[in-house]
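Undergrad:
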Amino acid sequence: MKRREILILLLLLIGAFITIFFPNIKSQENVIGEKELLSEVNKAGRYASTDEIANAIINNDPSYILIDVRDVKQFKSYTIDGAVNINLDNIMDDKYKDYLNTEAYTVVLFSNGSSKADQVWLRLRCTDHKGIRVMKGGLNEWYKTIINPQKPIDNEMTAEKEKQYLFRKQASYYFTGTQVSSGVTKKKSSSKPIVKRKKKEVSGGCG
Amino acid sequence: MGPLYPDFINPELNLLIGFLIGIGFGFLLEASGFTNTRKLAGIFYGYDATVIKVFFTAALTAMIGLFILHYLGWIDITATMPTTFWIPTLIGGAIMGLGFIIGGFCPGTSLSAAATGKIDAMAFIVGVMIGIFGFIFTFKDIWENLRNSGKLGKVDITEWIGIKEGLFIFLFTVIAVITFIGFQKWQDHWKKKLSQDDINDLGI
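These protein sequences, in sequence, are chains B and D. Quick note, our numbering runs 8 ahead of the 1-based positions in the first sequence. Quick note, our numbering runs 394 ahead of the 1-based positions in the second sequence.
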């Protein structure tokens, strides 16, 4: 064997030996830096307002996937139209991968308040799920702002607040199915179909 | 891929880098004798093991290099992991091997050889093109079911065996190096049986 060949083989063996001390690729995938996580936790963008969700449902926006993380009993008693129920404990199940590993949809988690949904968000973010949001204030806020909106006090009323109140009022009629004089007469919407997105497979070869 | 592309290397620069690497690759193929069909086919007849040694070295360099670059955060190795379809892979591999031994080239070396003016390489490229376009235009009618058969998903051998990825790379490298040395000895043994005229005739 030539000296050059021996040198190449030695370099390969040394390189391969070094890789023994590297962590597995899969375990690296699950790691998000402390700073990065902290910055994402504090980002306002990780929350979706109840107005945004109501607007998306009313306009039949297909890009939203709503996930109710409460237990089945609570889900059956009341939830938001079109929401899917994935309990906090089952969130990492393989069968729900298609809902959560998606870049084409905005996945919004909600619970009664924000804390349970926040827990799920943290768990998902630490396992490299991206673009997932939480409905701010959960169903309590949903009830307070969309189902039963309160008129702002007269001396606090601004044009913007009035516009928001009008929208909420109309949304309330939309979701509760009550006929109103303003002309919003839509019946309660049926469940929004959830389209599972298939990820494109990577293919390759040599030659 | 990872942060190298598109963060540091934009699509235009990417094309230029690809072009320069392509020229370098073609030059090295020619310089190492890979445009000689007899040298390439030598592995099948037992008088030259250069092909197997080069492919082993290339595979090991890519495996170790990609793993280290992924660890450094320069590329995303998970983006390169294909789904395994074992039936079409087996059939495609057999066809590729047959083409290799009959034609004396693989697609890359045929282009290099054609650039040096070899007429057999040009004929080989025409055959490759007929194969490619023939496959494209008959894909829906003939090949689609075969192409999608035997799907195993993303197969990860280290997960299957249950060992660390780095350890697998090291063990694989050790086996490859032993094979490399074995082929070298095998080549030396057969070369002793060839006369100088034979060696000159084969251009090895």
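We treat Cβ as the ideally placed atom computed from N, Cα and C, and that holds for glycine.
Please tell me whether alanine 507/D and threonine 444/D are closer than 8 Å, where the distance is taken between their beta carbons.
TA: Not closer than 8 Å, so no.
Undergrad: By a C-beta neighbour count over all protein chains shown, 10 Å radius and 16 as the cutoff for buried, is valine 49/B buried or exposed?
TA: Result: exposed.
Undergrad: Which value, in whole angstroms, describes the spacing of the CA atoms of leucine 409/D and isoleucine 469/D?
TA: If you take the alpha carbons of leucine 409/D and isoleucine 469/D, they lie about 18 Å apart.
Undergrad: Which residues in chain B sit within 7 Å of leucine 454/D, going by Cβ to Cβ distance?
TA: The answer, in chain order, is Leu20.
Undergrad: Closer than 7 Å, Cβ to Cβ, to anything on chain B: give me those residues from the stretch 537-564 of chain D, in chain order.
TA: Cβ contacts with chain B: Lys558, Glu559, Gly560, Leu561, Ile563 and Phe564.
Undergrad: From which residue to which residue does the beta strand (DSSP E) around isoleucine 140/B run?
TA: Isoleucine 140/B -> beta strand (DSSP E) spans 140-143.
Undergrad: So, at 6 Å on beta carbons, what are the nonlocal neighbours of isoleucine 66/B in its own chain, with the 5 sequence-adjacent residues on each side left out?
TA: If we look at isoleucine 66/B and ignore the five residues flanking it on each side, its Cβ neighbours are Tyr182.
Undergrad: From Lys105/B, Leu17/B, Glu44/B and Ile154/B, pick the residue whose C-alpha is nearest to that of aspartate 89/B; which is it?
TA: When each option's Cα is compared against that of aspartate 89/B, the closest is Ile154/B.
Undergrad: Within 8 Å (strictly less), CB to CB, does isoleucine 471/D reach chain B?
TA: Closer than 8 Å to some Cβ of chain B, the Cβ of isoleucine 471/D qualifies, so yes.
Undergrad: Would you be able to state if there are at least three C-beta pairs under 8 Å between the stretch 170-184 of chain B and the stretch 145-159 of chain B?
TA: In short, these stretches touch, since the Cβ pair count reaches three.
Undergrad: Could you tell me whether the Cβ atoms of leucine 561/D and isoleucine 28/B are closer together than 8 Å?
TA: Cβ distance < 8 Å, so leucine 561/D and isoleucine 28/B count as in contact.
Undergrad: Under DSSP, the beta strand (DSSP E) around glycine 547/D begins and ends at which residues?
TA: It spans 545-547 - the beta strand (DSSP E) in which glycine 547/D sits, taken as one unbroken run.
Undergrad: Select from Tyr55/B, Ala24/B and Ile26/B the residue whose C-alpha is nearest the C-alpha of glycine 145/B.
TA: The option with the nearest alpha carbon to glycine 145/B is Tyr55/B.
Undergrad: Can you give me the start and stop residues for the alpha helix (DSSP H) that leucine 463/D sits inside?
TA: Start and end: 444-465.
Undergrad: Please confirm if glutamine 581/D has its CB atom under 8 Å from at least one CB of chain B.
TA: No, because no Cβ of chain B sits closer than 8 Å to the Cβ of glutamine 581/D.
Undergrad: Compare the C-alpha of glycine 459/D against each of Glu13/B, Leu19/B, Ser47/B and Asn148/B and name the closest.
TA: The shortest Cα separation from glycine 459/D among Glu13/B, Leu19/B, Ser47/B and Asn148/B belongs to Leu19/B.
Undergrad: Determine, for glycine 139/B, whether the minimum Cβ-Cβ distance to residues of chain D falls below 8 Å.
TA: No, glycine 139/B does not count as interfacial toward chain D.
Undergrad: Taking only runs of the alpha helix (DSSP H) that begin and end inside the stretch 463-530 of chain D, which ones reach a length of at least 4 residues, in chain order?
TA: Correct list: 480-497 and 501-509.
Undergrad: Does DSSP put threonine 110/B in a helix, in a strand, or in coil?
TA: In the structure shown, threonine 110/B sits in coil (DSSP, three-state: anything other than H, G, I, E or B).
Undergrad: Count the other CB atoms, across all protein chains shown, that sit within 10 Å of the CB of alanine 24/B; report buried if there are 16 or more and exposed otherwise.
TA: The residue in question, alanine 24/B, is buried, as its Cβ has 16 or more Cβ neighbours within 10 Å.
Undergrad: Counting only runs that start and end within the stretch 35-112 of chain B, where is the alpha helix (DSSP H) found for 4 or more residues in a row?
TA: Here the runs fully enclosed are 42-49, 58-66, 80-85 and 105-108.
Undergrad: Rounded C-beta distance between glycine 121/B and asparagine 148/B? I'm assuming under 8 Å.
TA: Yes, glycine 121/B and asparagine 148/B are in contact; Cβ-Cβ is about 6 Å, under 8 Å.
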